[in-house]
Amino acid sequence: MKIVCDVCGNKRETSSLLCPFCGSKMDVAELVKHTEFVHKTINLEAGRPVVEVALNRMNEIIEDSVRNDVNVLTLIHGYGSSGKGGAIRSECRKMLDYLKSNGLISNYIIGEDFNKRSGSVKSLLRRYPQLVADKHLNRGNRGITLVIL
Ligand SMILES: [Zn+2]
19 MKIVCDVCGN KRETSSLLCP FCGSKMDVAE LVKHTEFVHK TINLEAGRPV
69 VEVALNRMNE IIEDSVRNDV NVLTLIHGYG SSGKGGAIRS ECRKMLDYLK
119 SNGLISNYII GEDFNKRSGS VKSLLRRYPQ LVADKHLNRG NRGITLVIL
């Protein structure tokens, strides 16, 4: 996540209160205020693509989102138990596993696990309180996956 420093105007990470460029300190409230939460929802099922097309699209969207400082992506991939919907879902998640282990995304949360009681969701909601109002929260939606960039 990046913000623009008030003092020197450089774009910097929010991981520290100190700007690495000019050394000015921002308090936590300021930091939160400056941090824009960008959440996008992408429907990978649109146009009923074959698995390869859906996966390519997902990769492009993730690369693009990382470049554009998107924080969270909600992927809609459907959940058919057989056929295209199910295949896109399982292949997407395999790909996300790979991206996570290579550090290209920070994490992903499958729709079934997107529940307030889950430990990883709790820490996600602390980081992005905007997601508390997400319509998929606590719904056990098997047709979606959240990608944390
Ligand atoms: Zn600065």
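Residues are numbered in the numbering used here as their position in the sequence shown, beginning at 1, plus a constant of 18. All C-beta atoms, glycine included, are put in the ideal place defined by N, C-alpha and C.
Cutoff 7 Å: residue i Cβ touching any chain C Cβ
i: residue 110; result: Chain labels in this structure do not include chain C; a single protein chain is all it has.
DSSP beta-bridge partners of residue i
i: residue 30; result: 21
i: residue 163; result: 93 and 128
i: residue 155; result: In the DSSP output, where bridge partners are listed per residue, residue 155 has none listed.
i: residue 36; result: 43
Range covered by the beta strand (DSSP E) that runs through residue i
i: residue 77; result: Not the beta strand (DSSP E): residue 77 falls in the alpha helix (DSSP H), residues 69-85.
i: residue 58; result: 57-61
Cβ-heavy atom distance, residue i to ligand 3, below 6 Å
i: residue 83; result: Summarising the ligand content, the structure contains ligand 1 and does not contain ligand 3.
Ignoring anything shorter than 4 residues or poking outside the region 83-143, list the alpha helix (DSSP H) runs there in chain order.
The region 83-143 contains these whole alpha helix (DSSP H) runs: 101-119.
Any chance you could list the residues with Cβ under 6 Å from a heavy atom of ligand 1, keeping chain order?
Result: 23, 25, 26, 28, 37, 39, 40 and 42.
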